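Position one of the sequence shown corresponds to residue 49 (the working numbering), numbered consecutively onward.
Yeah, the Cβ is synthetic: ideal placement off N, Cα and C, and Gly gets one too.
Note that this is a predicted model, so its numbers are computed, not measured.
Data first, discussion second: the structure below is written as structure tokens.
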Amino acid sequence: MTDQTEDRPEQAQTDDDPAQTDAPEEAAAEDAEDQDAEKTDEQIAEEKYEKLKEAVGVEIEDVGTLRHRLSLTVPRELIDERLDEQFTELQRERDIRGFRRGRAPRRLVEKAYGSEVRDLIREQIIAQAYQAATEKKDLHVLGEPDLNLDEIKLPEEGNLEFSCVVEVKPEFELPELKGIPVKKPTVTITDADVDMQIERLQMRFGRYEPAEDGTVQIDDLVVADAKMSVDGEVVHEETNAQFAARPSRIEGIVVEGLGDALLGAKEGDQRSVEAEVPDDHENEKLRGKTAKFEFAVHDVKRLVLPTLDDDFAKMLGLESVAELKNMIKAESESRIDQEIQRGMRAQIRQYLAEKTELEIPAGLSGRQTERVVQRRMVELQRQGVPETEIEKNLDELRTTAKEQVAGEIRMFFILEKLGEEFGVDVTEDELNGQIAQIAQASNRRFDRVRDELVQRNGLQSLYISIRDEKCIDRLLQDAEITEVTPDEAEEAAESKKPKKKTKKATKKKKTKSKKEDDLADET
49 MTDQTEDRPE
59 QAQTDDDPAQ
69 TDAPEEAAAE
79 DAEDQDAEKT
89 DEQIAEEKYE
99 KLKEAVGVEI
109 EDVGTLRHRL
119 SLTVPRELID
129 ERLDEQFTEL
139 QRERDIRGFR
149 RGRAPRRLVE
159 KAYGSEVRDL
169 IREQIIAQAY
179 QAATEKKDLH
189 VLGEPDLNLD
199 EIKLPEEGNL
209 EFSCVVEVKP
219 EFELPELKGI
229 PVKKPTVTIT
239 DADVDMQIER
249 LQMRFGRYEP
259 AEDGTVQIDD
269 LVVADAKMSV
279 DGEVVHEETN
289 AQFAARPSRI
299 EGIVVEGLGD
309 ALLGAKEGDQ
319 RSVEAEVPDD
329 HENEKLRGKT
339 AKFEFAVHDV
349 KRLVLPTLDD
359 DFAKMLGLES
369 VAELKNMIKA
379 ESESRIDQEI
389 QRGMRAQIRQ
399 YLAEKTELEI
409 PAGLSGRQTE
419 RVVQRRMVEL
429 QRQGVPETEI
439 EKNLDELRTT
449 AKEQVAGEIR
459 MFFILEKLGE
469 EFGVDVTEDE
479 LNGQIAQIAQ
489 ASNRRFDRVR
499 DELVQRNGLQ
509 SLYISIRDEK
519 CIDRLLQDAE
529 ITEVTPDEAE
539 EAAESKKPKK
549 KTKKATKKKK
559 TKSKKEDDLA
569 DET
């Protein structure tokens, strides 16, 4: 009898009994729906966002150079409004067993979809509140915030409060941009240049094979079981992983001594190396600690280049090595103008680096470093550098002195500001043209190169690389250009290199030397 009694109200409501429906609520919802009917979805969303932007509370705390902690507060009434809106929509559109669509009581809708709705609203409010806060405070944020979404809960009562750390763009003034002194060197293609280009060509067709001596040399590929431990506890393990025998980044940690640790190892050997966990590592518990990496070597592979003979030339569609060298020399000579342009662009970069006062964070995040790495990768691809050489270059950049990475990041901000001032843009045709050149230089299909760039987030880096060149070429139009011989150009470059400091150097001289150090790193 009890079960039948409880079923009756629901059955009665199914029959549209006016006594069992929430007429006032339904009427109010219909009125609101009529008022919004004339607005587009975009307009409604914009109004909701502007309301949130006006209501969100924001407090800013400096936590380092160009790093801020944002403390955000979202009023309770906005949370309830979003929840009510979502539940009303579900009440109208979802089917609840035993009720006609749109007739189920609100309490049953909340019981069925409460967890799903709260998660959805939580994510929407956090994302929009963060965006609204940065706009409200006119913050030019770099990348994504340091924020753990899973740790933020939507409260049952009261306001939503959360915080995040962001990196912001530096503010600075550009130097004088007209009449920049530039030396235009003449470039001569030598036999050594031809040999270097042929070696790069061989590297494209090279393959990793088991090392004949079975002993690790620098840049070899080592196959090993590896484990990483901190404070004696294993935090990561891999079997048959591959590591290049050179300074590399493993699990977000720069392992400077990796090459030295693996050098001379052979199958069956055990090797280990330690490295400091960076302060911005994704695992907060590991930050600032010492990580120990242990390797059980299984195999040693070495890049083997194809023999430079007539068979190699014929594989490339030529008859002999002599014809190959002639072709390489002719192609190199046709690129002389590009080399000259690259050298002049480097001088413009050097001028900008030296003349621009720009502050960047003392502790550069791994995220910023990876952006620099991506841009370098694209630049090397545009120059036709083989993939194996690119990987080596990128490993060196990941583990290089912070001053060099800092120089790259400084230049990024300078050229970004130049792009904004000049109104420089990059078209889709320009992007595709450069992708086609990369594909041709690496003897690969266009679509595969583009897909690879997409997977590596390289399209944005390619865009930036093209934009930077257009900015620098714009400066070259107004530069004071002087033609010089290669020897004169080399002497000028040598004079720019930093001199060693002496203990008797004055404070003023030390400051100058530091600037020269930065300049050398950036070029």
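**Item:** Buried versus exposed, by CB contacts within 10 Å (16 or more), Lys99
**Value:** Stepping through the sequence shown from its first residue, residue 99 is reached at position 51. Exposed is the call here.
**Asked** Where Glu199 and Arg142 are concerned, what is the direct C-alpha to C-alpha distance, given to the nearest angstrom?
**Response** As a first step, residue 199 is located in the sequence shown; it is residue number 151 there, counting from the start. As a first step, residue 142 is located in the sequence shown; it is residue number 94 there, counting from the start. Whole-angstrom Cα-Cα distance: 30 Å.
**Prompt:** For the alpha helix (DSSP H) that Ile246 lies in, which residues bound it at each end?
**Reply:** Residue numbering aside, residue 246 sits at position 198 when the sequence shown is read from its first letter. Taken as a continuous stretch (DSSP letters only), the alpha helix (DSSP H) holding Ile246 covers Asp239 to Arg252.
**Item:** Sheet register partners of Arg117 (DSSP bridge)
**Value:** Position 69 of the sequence shown, counting from 1, holds the residue named residue 117. DSSP lists Glu109 and Val213 as partners of Arg117.
**Prompt:** Can you round the beta-carbon distance between Arg515 and Gly467 to whole angstroms, since I take them to be within the 8 Å contact cut?
**Reply:** For this step, residue 515 is matched to residue 467 along the sequence shown. For this step, residue 467 is matched to residue 419 along the sequence shown. Indeed, because the Cβ distance is near 5 Å, the residues count as touching under 8 Å.
**Item:** Neighbour-count burial assignment, Phe253, 16 or more Cβ in a 10 Å radius
**Value:** Here residue 253 corresponds to residue number 205 of the sequence shown, with the count starting at 1. Label assigned to Phe253: exposed.
**Request:** Under 6 Å Cβ to Cβ from Asp347, same chain only, skipping five residues before and after it: list those, please.
**Result:** Residue mapping note: residue 347 aligns to position 299 of the sequence shown, counting from 1. Cβ within range, chain order: Val271.
**Contiguous beta strand (DSSP E) assignments of at least 3 residues, all confined to the region 417-489** = none
**Prompt:** Between Gly307 and the rest of its own chain, which residues show a CB-CB distance below 7 Å, the 5 nearest in sequence each way excluded?
**Reply:** Position 259 of the sequence shown holds residue 307. Answer for Gly307: Ile266, Ala293, Arg294 and Pro295, listed in chain order.
**Asked** Sorted by chain position, which residues of the same chain lie with C-beta nearer than 6 Å to Leu501's C-beta, five sequence neighbours on each side aside?
**Response** Translated into the one-based positions of the sequence shown, residue 501 becomes position 453. Excluding residues within five positions, the ones whose Cβ falls inside 6 Å are Leu507.
**Whole-Å CB distance - Thr113 paired with Glu407, under 8 Å assumed** = As a position in the sequence shown, residue 113 is number 65, starting the count at 1. As a position in the sequence shown, residue 407 is number 359, starting the count at 1. Between Glu407 and Thr113 the Cβ distance is about 6 Å, and since that is below 8 Å, they are a contact.
**Asked** Over what stretch of residues does the alpha helix (DSSP H) that includes Lys159 continue unbroken?
**Response** Taking the sequence shown and counting its residues from 1, the one referred to as residue 159 is at position 111. Per DSSP, Lys159 belongs to the alpha helix (DSSP H) from Arg154 to Lys184.
**Prompt:** In chain order, what residues of the same chain have a beta carbon less than 6 Å from the beta carbon of Val426, not counting five sequence neighbours either side?
**Reply:** Residue mapping note: residue 426 aligns to position 378 of the sequence shown, counting from 1. Gly506, Ser509, Leu510 and Ser513, listed in sequence order.
**Request:** Rounded to whole angstroms, what's the CA-CA distance from Gly305 to Met459? Just pull it up for me.
**Result:** Looking up residue 305 in the sequence shown gives position 257. Looking up residue 459 in the sequence shown gives position 411. Distance between the alpha carbons of Gly305 and Met459: 29 Å.
**Request:** Drop a sphere of 10 angstroms on the beta-carbon of His116, count the other beta-carbons inside from all chains shown, and report buried for 16 or more, exposed for fewer.
**Result:** What you label residue 116 is simply residue 68 of the sequence shown in a count that begins at 1. Buried, by the Cβ-count rule.
**Message:** I'd like to confirm the pairing. Which residues does DSSP put opposite Leu269 in its beta bridges?
**Reply:** As a position in the sequence shown, residue 269 is number 221, starting the count at 1. Paired residue(s): Ala292 and Lys349.
**Request:** Determine, using beta-carbon pairs with one atom in the region 386-404 and one in the region 521-534, whether at least three such pairs fall under 8 Å.
**Result:** yes
**Prompt:** When the distance is taken between beta carbons, is Ala259 closer than 9 Å to Asp268?
**Reply:** Along the sequence shown, read from residue 1 onward, the residue named residue 268 stands at position 220. Along the sequence shown, read from residue 1 onward, the residue named residue 259 stands at position 211. Against a cut-off of 9 Å, the Cβ pair of Ala259 and Asp268 comes out as a contact.
**Request:** Grab the span of the beta strand (DSSP E) containing Ala323 for me, first residue to last.
**Result:** Sequence index remark: in the sequence shown, residue 323 carries index 275 (1-based). It spans Gln318 to Glu324 - the beta strand (DSSP E) in which Ala323 sits, taken as one unbroken run.
**Leu190 vs Glu469 beta-carbon contact at 9 Å** = The sequence position of residue 190 within the sequence shown is 142, counting from 1. The sequence position of residue 469 within the sequence shown is 421, counting from 1. Contact: no.
**Rounded distance between the beta-carbons of Lys373 and Val242, thought under 8 Å** = By one-based count along the sequence shown, residue 242 stands at place 194. By one-based count along the sequence shown, residue 373 stands at place 325. Rounded, the Cβ-Cβ distance is 6 Å, consistent with contact.
**Prompt:** Does DSSP put Phe343 in a helix, a strand or coil?
**Reply:** The residue given as residue 343 occupies position 295 in the sequence shown. Three-state result, Phe343: strand.
**Asked** Out of curiosity, what's the CA-to-CA distance linking Asp239 and Arg248?
**Response** Within the sequence shown, the letter at position 191 stands for residue 239. Within the sequence shown, the letter at position 200 stands for residue 248. One C-alpha to the other measures close to 14 Å.
**Asked** Could you give the distance in angstroms between the alpha-carbon of Pro534 and the alpha-carbon of Thr234?
**Response** If you number the sequence shown from 1, residue 534 lands on position 486. If you number the sequence shown from 1, residue 234 lands on position 186. So the alpha carbons of these two residues sit roughly 6 Å apart.
**Prompt:** Taking the C-alpha atoms as reference points, what is the distance between Val497 and Asp167?
**Reply:** Along the sequence shown, one-based indexing puts residue 497 at 449. Along the sequence shown, one-based indexing puts residue 167 at 119. Cα to Cα, Val497 sits roughly 39 Å from Asp167.
**Prompt:** So Asp358 and Ser368 are in contact, right, with Cβ under 8 Å, and what is the actual spacing, rounded?
**Reply:** Reading the sequence shown from its first residue, position 310 is the one you call residue 358. Reading the sequence shown from its first residue, position 320 is the one you call residue 368. 5 Å between Cβ atoms; contact.
**Item:** Residue of Gln422, Lys314, Gln431 and Lys159 minimising C-alpha distance to Val442
**Value:** Sequence index remark: in the sequence shown, residue 442 carries index 394 (1-based). As written in the sequence, residue 442 is Leu, which differs from the Val given in the question. The shortest Cα separation from Leu442 among Gln422, Lys314, Gln431 and Lys159 belongs to Gln422.
**Prompt:** Do Val165 and Gln134 come within 9 Å of each other at the CB atom, strictly closer than that value?
**Reply:** Here the question's residue 134 lines up with position 86 in the sequence shown. Here the question's residue 165 lines up with position 117 in the sequence shown. Contact flag set, yes.
**Item:** Assigned exposure category for Thr417 - 16 Cβ within 10 Å defines buried
**Value:** Indexing the sequence shown from 1 puts residue 417 at position 369. Buried, since its Cβ has 16 or more Cβ neighbours within 10 Å.
**Request:** Check whether the Cβ atoms of Gln139 and Val157 lie closer than 9 Å to each other.
**Result:** Your numbering for residue 139 matches position 91 in the sequence shown. Your numbering for residue 157 matches position 109 in the sequence shown. Yes, the Cβ-Cβ distance between Gln139 and Val157 is below 9 Å.
**Request:** Tell me whether Ser149 sits in a helix, a strand or coil according to DSSP, three-state version.
**Result:** Taking the first residue of the sequence shown as position 1, residue 149 is located at position 101. The amino acid occupying residue 149 in the given sequence is Arg; Ser does not appear at that position. Arg149: coil per DSSP, three-state reduction.
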